[in-house]
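For the sequence shown, this note's numbering gives the first residue as 17, with consecutive numbering after it. For glycine and all other residues, C-beta sits at the position ideal for the given N, C-alpha and C. Worksheet: one structure, shown below.
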Amino acid sequence: IAGNWKAFKPVALDVRDDSASHRGHAGVRGLKVAETHFYFTVVSEKFQGVPRPERERQVQAIIADEIAAGLHAAGSVLRTPEEDAKARKKSAENAQR
């Protein structure tokens with residue numbers, strides 16, 4: 017995924033290709049691209065005050081070329097650093113239970 021992620025000035029960025037686990041599924045048969053499923057984690061101050069649907073639109077704009085080429089599914093976690101710290105703390109607390 018070649019998108020211009022620098023626009024977000026990410027504190028953390030993870031792009032995971034999950035395409036292999038979806039090979040042969042009905043939704044991807046006949047596509048000309050091998051990479052069809054991605055999961056994005058972006059942590060950025062740029063998301064401060066931005067509602068979730070708008071964050072999604074911003075990411076979709078970054079990967080527009082891939083969507084046009086056949087990207088079938090894109091999941092995401094889009095957080096501010098504060099949201100990410102809170103989520104990580106909650107996850108750690110749950111893991112200790």
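- Excluding sequence positions up to five before and after Val66, its CB lies within less than 8 Å of the CB of Gln74, all in the same chain and listed in chain order.
- Val58 is bridged by DSSP to Leu29, Leu94.
- A residue is called buried when at least 16 other Cβ atoms come within 10 angstroms of its Cβ; Ile83 does not meet this threshold and is exposed.
- With contacts defined as CB atoms closer than 8 Å, Pro97 and Val58 fail to qualify as a contacting pair.
- In this structure Phe63 is in contact with Leu94, their Cβ atoms being roughly 6 Å apart against a cut-off of 8 Å.
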